[in-house]
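Q: Numbering (the numbering used here), first residue to last: 17 to 280.
Okay, handing you the structure first.
Here is the structure:
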């Protein structure tokens, strides 16, 4: 069967949140800003044509994005025991930056933890456990090299920045046990709906990032955050093709991405 034939009739779901000024994000990163630098009519060509363009300012970890392995260090060391200081400069990272991420096109497994609990959205501050993941995965195989997404239903709260960021009530996400469970299965990449792929306790914010340490530093597994999974969760589909290709910004610790799910 040709590739085109296999794709014929596939349903495509956009898993990226729209990027706009004031969107929910971690307070640890510069906010997204966009403004029109040139408006239609500012310059009109002799033939009557005009063009508009914008200036975009954003942190690499704002909106739907992929974390590079250079994003987190532990005791000064990056993944593979590489000293961060040796590959870091004012121009970014000469190794393990987001430009080193190879585009992913392959199988993806969605572990719907919210559905496993019989709810659309997990409560604020809920810690996803290894048992939760095993329960959500009971009818689907996770293979080495897959992409694995953890569904909490949190993207349903996108319109409420205060709730979505979890700064007050916390946000649901994997704890250390769940992170170990995922890492043991050797996925290529993991992802979720919250601004940090972590269990965020009420009132704690992003005080510590143990799941990031396990994934990025210890296991060398990239993380996708702030994904829009609500529509995908509603389909009931648990395995599909995923296209994941962040902007190749040289030396950056993360970059925006527009993940696409292809459903048969």
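For each residue, glycine too, the CB sits at the ideal point set by N, CA and C.
Under DSSP, the alpha helix (DSSP H) around residue 23 begins and ends at which residues?
A: Looking up residue 23 in the chain shown gives position 7. 19-23 is the span of the alpha helix (DSSP H), which, as asked, contains residue 23.
Q: Just to confirm, does residue 224 get its C-beta within under 7 Å of one of the non-hydrogen atoms of the ligand FAD?
A: The model on display carries no ligand, and the ligand FAD is accordingly not part of it.
Q: My assumption, with CB atoms under 8 Å, is that residue 101 sits in contact with residue 113. Please give the rounded CB distance.
A: Your numbering for residue 101 matches position 85 in the chain shown. Your numbering for residue 113 matches position 97 in the chain shown. Their Cβ separation, rounded to whole angstroms, is 15 Å, which puts residue 101 and residue 113 out of contact at 8 Å.
Q: Look at the Cβ atom of residue 233, then the Cβ atom of residue 80, and state whether they are nearer than 8 Å.
A: Numbered from its first residue, the chain shown carries residue 233 at position 217. Numbered from its first residue, the chain shown carries residue 80 at position 64. Their beta carbons are not under 8 Å apart, which means residue 233 does not touch residue 80 by this criterion.
Q: Do you know offhand how far residue 66's Cα is from residue 55's?
A: Your numbering for residue 66 matches position 50 in the chain shown. Your numbering for residue 55 matches position 39 in the chain shown. When rounded, the distance between both Cα atoms is 8 Å.
Q: What's the gap between the Cα of residue 217 and the Cα of residue 186?
A: For this step, residue 217 is matched to residue 201 along the chain shown. For this step, residue 186 is matched to residue 170 along the chain shown. Rounded to the nearest angstrom, the two C-alpha atoms are 5 Å apart.
Q: Could you tell me the alpha carbon to alpha carbon distance between residue 242 and residue 78, rounded to whole angstroms?
A: Translated into the one-based positions of the chain shown, residue 242 becomes position 226. Translated into the one-based positions of the chain shown, residue 78 becomes position 62. Near 8 Å, if we compare the C-alpha coordinates of residue 78 and residue 242.
Q: Can you tell me whether residue 208 is buried or exposed, with buried defined as 16 or more other CB within 10 angstroms of its CB?
A: Residue mapping note: residue 208 aligns to position 192 of the chain shown, counting from 1. Under this definition residue 208 is a buried residue.
Q: Do residue 255 and residue 144 have their beta-carbon atoms positioned less than 8 Å apart in this structure?
A: Sequence index remark: in the chain shown, residue 144 carries index 128 (1-based). Sequence index remark: in the chain shown, residue 255 carries index 239 (1-based). Contact flag unset, no.
Q: Near residue 202, which residues of its chain fall below 6 Å by C-beta distance, leaving aside the five closest residues on each side in sequence?
A: Here residue 202 corresponds to residue number 186 of the chain shown, with the count starting at 1. So the list reads 160, once near-sequence residues are dropped.
Q: Consult DSSP for residue 255 and reduce its assignment to one of helix, strand or coil.
A: Locating residue 255 in the chain shown gives position 239, counting from the first residue. Note: residue 255 maps to strand in three-state DSSP.
Q: Whether or not the segment 243-263 and the segment 115-122 are in contact is what I'm after, with contact meaning three or more pairs of Cβ atoms, one per stretch, closer than 8 Å; do they touch?
A: They touch, by the three-pair rule.
Q: Go ahead and pull the three-state DSSP assignment for residue 145.
A: Within the chain shown, the letter at position 129 stands for residue 145. It is coil, neither helix nor strand.
Q: For the candidate residues 19, 18, 26, 22, whose alpha-carbon lies nearest to that of residue 278?
A: Counting from one through the chain shown, the residue named residue 278 turns up at place 262. Per the Cα distances, 26.
Q: Do you know offhand how far residue 89's Cα is from residue 110's?
A: The count along the chain shown starts at 1 and reaches residue 89 at position 73. The count along the chain shown starts at 1 and reaches residue 110 at position 94. The straight-line gap from Cα to Cα measures roughly 15 Å.
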